Amino acid sequence: MKNNRIILKKILSNKESLDILNNTAEGLNTSAVITDINGDILANIGNLDPEAAAGSFPLNIKGEKAGSAVGNKNAQVIASMINYMLAAEYNKRDLIDEVSNSYKEINLFYDFTEKILDCNSVSDIVLLTLSLIKSFIKVDTVSIMLKNDETNWIDVISAYDCDEKTVKNSIMPFNGESIAEFVMLSGNAEIINDISIDGWTAPSGGKTGSMMCAPLKIKNRVIGAINIATENISEFTSSDLKLFTILSHNAAVCVENVRLYKDLKEIFMSTVYALAETIEMRDNYTGNHTKRVMEYSCAIGETLGMEKDALEVLRLSAILHDIGKIGVRDDVLLKPSKLTNEEFALMKKHPVFGEEILRKIKGLEHVVPGVKHHHERHDGRGYPDGLKEDEIELNAKIISVADTFDAMTLDSPYRKGLDSKTAIDELIKYSGTQFDAKIVDAFIRAFPYIDMHKSNNIFKIGDDLNG
Ligand SMILES: [Fe+2]
Numbered sequence: 014m015k016n017n018r019i020i021l022k023k024i025l026s027n028k029e030s031l032d033i034l035n036n037t038a039e040g041l042n043t044s045a046v047i048t049d050i051n052g053d054i055l056a057n058i059g060n061l062d063p064e065a066a067a068g069s070f071p072l073n074i075k076g077e078k079a080g081s082a083v084g085n086k087n088a089q090v091i092a093s094m095i096n097y098m099l100a101a102e103y104n105k106r107d108l109i110d111e112v113s114n115s116y117k118e119i120n121l122f123y124d125f126t127e128k129i130l131d132c133n134s135v136s137d138i139v140l141l142t143l144s145l146i147k148s149f150i151k152v153d154t155v156s157i158m159l160k161n162d163e164t165n166w167i168d169v170i171s172a173y174d175c176d177e178k179t180v181k182n183s184i185m186p187f188n189g190e191s192i193a194e195f196v197m198l199s200g201n202a203e204i205i206n207d208i209s210i211d212g213w214t215a216p217s218g219g220k221t222g223s224m225m226c227a228p229l230k231i232k233n234r235v236i237g238a239i240n241i242a243t244e245n246i247s248e249f250t251s252s253d254l255k256l257f258t259i260l261s262h263n264a265a266v267c268v269e270n271v272r273l274y275k276d277l278k279e280i281f282m283s284t285v286y287a288l289a290e291t292i293e294m295r296d297n298y299t300g301n302h303t304k305r306v307m308e309y310s311c312a313i314g315e316t317l318g319m320e321k322d323a324l325e326v327l328r329l330s331a332i333l334h335d336i337g338k339i340g341v342r343d344d345v346l347l348k349p350s351k352l353t354n355e356e357f358a359l360m361k362k363h364p365v366f367g368e369e370i371l372r373k374i375k376g377l378e379h380v381v382p383g384v385k386h387h388h389e390r391h392d393g394r395g396y397p398d399g400l401k402e403d404e405i406e407l408n409a410k411i412i413s414v415a416d417t418f419d420a421m422t423l424d425s426p427y428r429k430g431l432d433s434k435t436a437i438d439e440l441i442k443y444s445g446t447q448f449d450a451k452i453v454d455a456f457i458r459a460f461p462y463i464d465m466h467k468s469n470n471i472f473k474i475g476d477d478l479n480g
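According to the numbering used here, the sequence shown is numbered sequentially starting from 14.
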């Protein structure tokens, strides 16, 4: 209604339109007062004396009243001309809206396609969808639901407009009660404009009035569904659904990529662990030494504020730090008594053997410095290269502290390990000579919070599917 009045006022304020109407009125020897739907006078065509008005003729836009033309019998022609002008103006605006919407759609797709390639997790995909789609469609929540074939439940990853940076993870049973399950089974997108009337279960974690749900499909395989929802009753249109469905295709491809990447990473980590385990299996007395060195190293890295990617390299380096011991003979590696000079010289080669093994494995190049130099000393008296201070790579300095602490506290059939406090005192004693003082300090700060029971799996995947 408000728009109708604006369109009518616009026509009556246009000089060319007014000239046409006044000339027509003069030719027909008629006149008309044009009013809006409230009866306010907007124009007087042909200078009608309102007292002489004989009839009122409606002015409409698409069947909705916009105002009236009041005049004598011939004023109906004026009304018809204005109605024609109103229809033309309305269609012009419609066309502008359509072009503008198409432009926004193209922009949305461009943004989405470009940015979704950077998503490394389903959480990222949910957040990206929410931040982009809400500029186009009224939406409060975006959630992705993934069928978990192992549990036969659904993993739900949701983000809310009120708190865009937070993603909530939950699970729900696959029992056929939600619209998402219906969509997963049918493979077709749906609009639910009033969820209370349609009787569906709302997605968990939020009040829902209306929603659209589209399947996440890879070729013909449905891997889940994506929902957008509003708290209030809304009027999602078929063009909204079309737009959302196209977005869902991109989201599906990206979700699948995240899954494949996660599978690949698990295979990679399993292989890395299998490599590390070959050493542990040769020397039973080190029981889980690799795991503890990894936990200590990561705790130090986190305390130092290392970024996620750097921590990942540190973790791999710690797991593989002694891989070069594969090249050390059993009679030396497992010798319970003191090593001879010649035997010790062979043992000291294990960091270089480690480097030689790892340098050949694609994807493990970044762990080489941490492995090769984990026996260097801050004062330059370590091996294999006698590096000192900041010539030693950070990961190597960290592993050195973690490795030494674990070696000191380890019980063996030949000697009882030190208690934690005594071992930490030893680290402090050699801080600044054997060890970088900053790393010892970080270890001491981190130590009370290290929970060795938090991970029973040495090769836990740092970045899960959702996070
Ligand atoms: Fe070592």
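Think of the CB as a built atom: it goes at the ideal place given N, C-alpha and C, for glycine as much as any other residue. Predicted model, so just to flag it, every value in this text is computed and none were measured.
Any non-hydrogen atom of ligand 1 within 6 angstroms of residue i CB
i: Asp487; result: No information on residue 487 is available, as it lies outside the stretch 14 to 480 that the chain covers here.
i: Asp296; result: no
i: Asp398; result: no
i: Asp454; result: no
i: Asp335; result: yes
Cβ of residue i within 7 angstroms of any chain B Cβ
i: Ile205; result: Checking the listed chains, one finds no chain B in this structure; it contains a single protein chain.
Range covered by the beta strand (DSSP E) that runs through residue i
i: Arg234; result: 234-243
i: Glu203; result: 203-205
i: Leu159; result: 154-161
i: Ser433; result: Looking at the DSSP string, Ser433 is not in any beta strand (DSSP E); the run it does join, the alpha helix (DSSP H), is 433-442.
i: Ala56; result: 54-58
i: Ala45; result: 45-49
i: Ser171; result: 166-173
i: Ser69; result: 68-74
i: Ile231; result: 223-231
Given residue i as reference, the closest of the options once Cα atoms are compared
i: Glu378; options: Glu355, Pro349, Pro426, Val326; result: Val326
i: Asp419; options: Ala436, Asp403, Leu260, Ala409; result: Ala436
i: Glu355; options: Asp207, Tyr462, Arg342; result: Arg342
i: Ala459; options: Val271, Ile50, Asn104, Ala415; result: Ala415
i: Ala100; options: Lys75, Ala88, Leu121, Tyr116; result: Lys75
i: Tyr443; options: Gly40, Ala88, Ile170, Arg394; result: Arg394
i: His387; options: Lys410, Lys401, Arg372; result: Lys410
i: Ile204; options: Leu407, Leu140, Pro228, Arg106; result: Pro228
i: Lys86; options: Ser171, Asn57, Leu41, Asp110; result: Leu41
i: Met158; options: Phe149, Ile192, Asn36; result: Ile192
i: Gly337; options: Lys362, Arg328, Glu320, Gly318; result: Lys362
i: Ser251; options: Phe281, Val306, Met225, Ser425; result: Met225
i: Pro186; options: Gly200, Tyr173, His262, Asn165; result: Asn165
i: Pro382; options: Pro426, Ile457, Asp335, Asp276; result: Asp335
i: Ile231; options: Phe257, Gly200, Ser413, Glu439; result: Gly200
i: Asp296; options: Pro426, Lys147, Met98; result: Pro426
i: Ile292; options: Leu347, Arg372, Met319, Phe249; result: Leu347
i: Glu111; options: Asp253, Gly318, Ile259; result: Asp253
i: Ile167; options: Asn301, Met197, Lys147; result: Met197
i: Asn60; options: Lys78, Glu39, Gly68, Ile50; result: Glu39
i: Ala287; options: Lys401, Ile332, Asn57, Val345; result: Ile332
i: Ile91; options: Lys28, Phe70, Lys181; result: Phe70
i: Asp32; options: Val453, Asn17, Met94, Gln89; result: Met94
i: Tyr309; options: Lys321, Pro364, Ile412, Glu279; result: Ile412
Alpha helix (DSSP H) segment containing residue i, residue limits
i: Pro382; result: 381-385
i: Asn408; result: 407-422
i: Thr37; result: 28-40
i: Lys451; result: 450-459
i: Ile192; result: 192-199
query = Which ranges does the alpha helix (DSSP H) cover as unbroken runs of at least 4 residues, wholly within the segment 84-137, from first to last along the chain?
reply = Those alpha helix (DSSP H) runs which fall completely within the segment 84-137 and span 4+ residues are 88-129.
key: In chain order, each alpha helix (DSSP H) run of at least 4 residues that lies wholly inside the segment 288-370   = DSSP runs (the alpha helix (DSSP H)) wholly in the segment 288-370: 302-316, 321-332, 343-346, 354-360.
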